[in-house]
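Numbering (UniProt numbering), first residue to last: 1 to 856.
Virtual Cβ for every residue (Gly too), placed ideally from N, Cα, C.
Okay, structure first, notes after.
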C-alpha cells in the first residue's frame with residue numbers, strides 16, 4: 001500500500017470484472033500525488049489494498065465500484081449534501097467551491113458520485129488495528145503485516161472503508177475471517193521499505209542529507225519532474241521487458257549522437273526552474289475571492305507557462321532525427337497542437353517582454369504589472385499610470401533627501417517592505433537625522449527609511465494592488481481558456497520528466513563507462529562493481545562476478561571473515577539488478593540480468609523499537625515476510641540470519657529457511673558465519689559455495705596479527721581455519737589469559753564438531769546427484785543458446801564429460817577416505833577399550849594377590 005508502488009493491479013482469472021466493489025480512495029496533499037486505495041468486494045468478502053499514482057482510474061476500471069469513498073474535504077461543500085451522498089462534512093473542514101481534480105476524474109470515468117467520509121475516520125492507526133483484527137491467519141499474514149506497516153495512505157483508506165461498512169452498510173466481521181490481499185502494481189518490482197533503507201536506494205543509512213545512495217549516483221536530472229520520475233523508477237523498477245529495452249535504446253542513441261544529447265540538455269535546462277506538476281496543480285484551483293496577491297501568483301503561472309511552451313520547439317528540434325521508440329513517442333507528445341494554441345492564447349493577452357525567469361524583484365514586479373497588453377482594459381492603463389507616477393515620486397524623494405542632508409543614500413527594493421534607503425556606517429557621523437528610522441544593519445551598511453518615503457511606499461503598494469486587481473478578469477479568462485487544453489500540459493510534464501531521467505542515465509553511463517545489460521533467464525555479471533562505492537569512494541572498487549541460473553545454480557552460500565565484504569557483495573548484486581531494471585547501464589564488464597518480481601532482504605540486525613521487536617524477533621518477522629512473498633522470480637538477500645539467538649538454534653533456523661528457498665528455486669545470496677551450513681546445504685541441488693578471500697598472518701607476538709582482505713569472491717567453501725573473531729578481539733586489548741582460554745575452547749569445539757560430521761552413503765548419493773543435475777543444466781543451456789561450430793562444440797562437451805567424471809571420482813575418493821578414517825578411528829577406539837579392559841583385569845588380579853598375602 002506504499003505510495004512508492006505505482007501502477008495497476010493484477011487481475012485474477014474471471015473475477016476482475018465481477019463483484020460489487022466498494023473503494024476508499026485517499027490522496028496526499030503533497031506534490032508526489034500519492035494515492036492509497038482499499039477495495040472491498042461485497043460478493044466475495046475480499047479486501048484488496050493497492051497504492052497507485054496516475055493509474056488509479058485503471059484500478060477502478062478493473063474493479064468496477066458501486067461506491068467510491070473519499071475524504072469530505074475532497075468534495076465541494078455544496079456536494080456533500082446532494083442526493084445519494086451522505087452529509088458527513090466535519091465542522092472544521094473549510095468549504096470548497098468544487099471537488100478535487102481526482103474526484104472529478106473518478107466521477108467522470110465511473111459515472112457514479114463519490115461519497116464523503118469525515119477526514120477523522122481516515123486514520124492510519126485505526127486502519128492497521130482493523131487489519132490485525134480481521135485478517136485470516138494463513139501463510140501470507142506475516143507478509144501482509146510487514147508490507148502494509150508503512151503504507152500510510154492505503155491503510156488510512158482501510159480505516160474509512162471499515163467505518164463505512166459498519167455504519168452505513170451494516171456489515172460486520174468475525175476476527176480472523178477476512179482474506180486481505182496486498183497487490184503490488186502490475187509491471188513493477190516489489191521493494192519493501194526496509195529493503196530500500198538497507199540498500200540505500202534513496203537515503204544514506206548514516207547521513208540522511210548525504211548523496212551517497214543509489215539516487216545520488218544516478219541523479220543528474222535538471223528538473224523536479226525528472227527527479228521524481230527517477231526516484232519512482234528506483235523504488236519501483238519496471239518488470240516489463242519492452243519498457244526496459246526502450247530506455248536502454250534511448251541511452252545507446254544518445255551516447256552515439258552528441259548533437260541530440262546536448263540539444264536536449266540545453267532545451268530542458270531552459271525550463272529547469274519550473275515544476276510543471278506543481279504549476280498544473282495550482283492552475284486547476286479556483287480563486288474564491290478577489291485578492292491582489294493571488295492575482296499576481298496566477299499571472300506568474302501564465303508567465304511560467306509561456307516559458308515552458310516556448311521551450312517545446314527546441315526540444316522537438318533536438319528530437320527531429322530521433323530513431324528509438326521512446327524518443328519518437330516523446331516527440332509526438334510534445335507536438336500536440338494544443339501546445340501551440342496555449343502559446344497563441346498567451347501571446348494574445350500578454351506582452352512578449354513579460355517572462356517568468358528569475359531576476360531582480362523590482363524588475364519582476366514591474367514586468368508583471370505591465371504583463372497584460374495595453375488598451376485591453378482602460379482601468380488597468382490608469383492604474384499603471386498611477387504606479388509609474390509613484391515610482392517617479394520615490395526616486396525624487398531619494399534625490400531630495402540626499403541634497404537636504406548631504407548624505408549618499410542608495411535606494412533598494414524588497415518585495416515585502418517596498419523601497420528603503422541604504423548608507424555605509426562610516427559615511428554617517430552622529431545619529432540619524434530627525435524623521436529617519438533605522439530598519440536593519442548588514443555588512444557595514446545601515447538600511448533606513450523616512451516618514452515621507454513610508455507614505456510613498458504605501459501609495460505604490462496601493463497602485464500595485466490596483467493594477468493586479470484590474471488584470472484579474474483578463475488573467476482568469478486566459479487561465480480558463482488554457483485549462484481547456486490542460487491535457488497537453490500533463491503530456492509535456494510526463495515527456496520532460498522521462499527525457500530528463502534518460503539524459504541523466506546517459507550522462508552517468510558515458511562518464512562512468514558503464515555497459516548495457518542484457519536480459520535472459522540467468523543472472524550473470526562479470527566484473528561488477530558496487531555502484532555507490534564506485535562513484536563515491538576515493539579508492540578503486542574491487543570488481544566481482546556473480547552467476548545464478550534457475551535450478552542448477554540458484555542458491556549461493558557465501559562465507560568469509562568479518563569485514564571481508566560479504567554484505568557489500570550482497571548489496572552490490574541487488575543494486576546492479578535494480579539499475580538494469582530501471583533501464584540504465586551498469587558498472588560491469590558484462591551483465592546479463594533476469595527480470596525479478598521482487599527484491600527481498602534480511603540485512604539489518606537492528607531492533608525495531610517502533611514495532612517493539614528484539615533483534616531475533618525482527619529477524620523472524622522479516623524471514624516470515626520473505627517466505628510469504630518469495631517466488632521463483634524473486635531475488636533474495638540474507639545476511640547473518642540467526643545471530644540474534646543461540647548458535648544451535650540459529651543454525652537450525654538458517655537450515656530450515658534455506659531449504660525452503662532452495663525448494664522454491666528463488667535466486668538467493670545467503671551470507672553466513674555458520675560453517676556447518678556448508679556441510680548440510682552443500683549436497684542440495686542448486687547450491688554453490690562462495691567465500692570472500694582473506695588471510696590472517698600471525699606474528700611472533702601473540703598480541704599482534706595482520707589480516708589481508710582481497711575483497712574478491714572465490715568459488716568454493718572457505719577452508720581457512722583461522723578464528724577471525726578471536727584475532728579481531730585482540731584489537732580490543734582484552735587480557736591475554738582470557739584470549740588464551742577463548743582460543744583453546746574454540747579449537748576444542750571445532751575439533752568436536754569436525755568429528756561429528758561422519759560420512760554416510762546418503763550424503764555421497766546427494767553429492768553425486770547434484771553433480772549430475774549440474775551437468776544436465778549445462779547441457780540444456782548449450783542446447784538452448786550455443787552457436788559454436790560442431791568441432792568446437794564437441795571439444796566443449798568432451799571437457800564437460802571429463803570435468804564431471806573428475807568431480808565424481810573426487811567425491812568417491814573423499815567418501816572412501818572419510819569411511820576409512822571413521823573405521824580407523826573406530827578400530828583405535830575399540831583397541832583402547834580392549835586395552836583398558838585388560839588393564840582393569842590385571843589390576844583386579846593384583847589386588848586379589850595382595851589381599852591373600854595380607855591374610856597369610
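Local conformation of residue i per DSSP, three classes
{"i": "residue 561", "result": "coil"}
{"i": "residue 421", "result": "strand"}
{"i": "residue 378", "result": "helix"}
{"i": "residue 799", "result": "helix"}
{"i": "residue 28", "result": "coil"}
{"i": "residue 488", "result": "helix"}
{"i": "residue 336", "result": "coil"}
{"i": "residue 189", "result": "coil"}
{"i": "residue 505", "result": "helix"}
{"i": "residue 211", "result": "coil"}
{"i": "residue 411", "result": "strand"}
{"i": "residue 115", "result": "strand"}
{"i": "residue 602", "result": "strand"}
{"i": "residue 437", "result": "strand"}
{"i": "residue 169", "result": "coil"}
{"i": "residue 8", "result": "For residue 8, the pLDDT reaches just 30, beneath the cut-off of 50, and the residue's location in the model is therefore unreliable, although a value from the coordinates is still provided. Strand at residue 8."}
{"i": "residue 861", "result": "Any property of residue 861 remains undetermined from this structure, which presents the chain solely from 1 to 856."}
{"i": "residue 342", "result": "helix"}
{"i": "residue 201", "result": "coil"}
{"i": "residue 592", "result": "strand"}
{"i": "residue 395", "result": "helix"}
{"i": "residue 456", "result": "helix"}
{"i": "residue 206", "result": "coil"}
{"i": "residue 321", "result": "coil"}
{"i": "residue 634", "result": "strand"}
{"i": "residue 149", "result": "coil"}
{"i": "residue 554", "result": "coil"}
{"i": "residue 586", "result": "strand"}
{"i": "residue 549", "result": "strand"}
Residue-chain proximity (residue i, chain D), Cβ-Cβ < 8 Å
{"i": "residue 201", "result": "This model lacks chain D altogether, as it is built from one protein chain only."}
Beta bridge counterpart(s) of residue i as assigned by DSSP
{"i": "residue 528", "result": "544"}
{"i": "residue 122", "result": "In DSSP, residue 122 forms no bridge with anything."}
{"i": "residue 128", "result": "DSSP output for residue 128 lists no bridge partner at all."}
{"i": "residue 69", "result": "24, 115"}
{"i": "residue 446", "result": "423, 441"}
{"i": "residue 513", "result": "Beta-bridge pairing links residue 513 to no other residue."}
{"i": "residue 519", "result": "593"}
Residue closest to residue i, alpha-carbon to alpha-carbon, out of the options
{"i": "residue 143", "options": "319, 373, 181", "result": "181"}
{"i": "residue 617", "options": "630, 694, 645, 330", "result": "645"}
{"i": "residue 276", "options": "499, 550, 633, 494", "result": "494"}
{"i": "residue 782", "options": "634, 340, 796, 489", "result": "796"}
{"i": "residue 432", "options": "401, 414, 462", "result": "401"}
{"i": "residue 176", "options": "443, 168, 161, 133", "result": "133"}
{"i": "residue 108", "options": "60, 120, 148", "result": "60"}
{"i": "residue 350", "options": "104, 362, 373, 361", "result": "373"}
{"i": "residue 666", "options": "778, 690, 716, 522", "result": "522"}
{"i": "residue 626", "options": "649, 647, 365, 597", "result": "597"}
{"i": "residue 230", "options": "214, 778, 240", "result": "214"}
{"i": "residue 22", "options": "102, 242, 110, 34", "result": "110"}
{"i": "residue 67", "options": "114, 102, 73", "result": "114"}
{"i": "residue 503", "options": "225, 136, 166, 788", "result": "225"}
Cβ-heavy atom distance, residue i to the ligand ZN, below 7 Å
{"i": "residue 775", "result": "As far as ligands go, the structure on display features none, and thus does not contain the ligand ZN."}
Expected contact under 8 Å - CB spacing of residue i and residue j to nearest Å
{"i": "residue 130", "j": "residue 159", "result": "7 Å"}
{"i": "residue 482", "j": "residue 305", "result": "7 Å"}
{"i": "residue 197", "j": "residue 205", "result": "7 Å"}
{"i": "residue 599", "j": "residue 189", "result": "7 Å"}
{"i": "residue 238", "j": "residue 583", "result": "7 Å"}
{"i": "residue 38", "j": "residue 174", "result": "In fact, because the Cβ distance is near 19 Å, the residues do not count as touching under 8 Å."}
{"i": "residue 299", "j": "residue 283", "result": "Not really, about 12 Å apart at Cβ, beyond 8 Å."}
{"i": "residue 394", "j": "residue 409", "result": "That pair is no contact at about 12 Å."}
- [ ] Write down every uninterrupted run of the alpha helix (DSSP H) in the region 636-719 whose length is 4 residues or greater and which is fully enclosed by it, in chain order.
- [x] 647-664, 676-681
Task: Every unbroken alpha helix (DSSP H) within the region 212-288, with a cutoff of 4 residues, ordered by chain - done: 214-218, 224-235, 241-255, 258-269, 276-283
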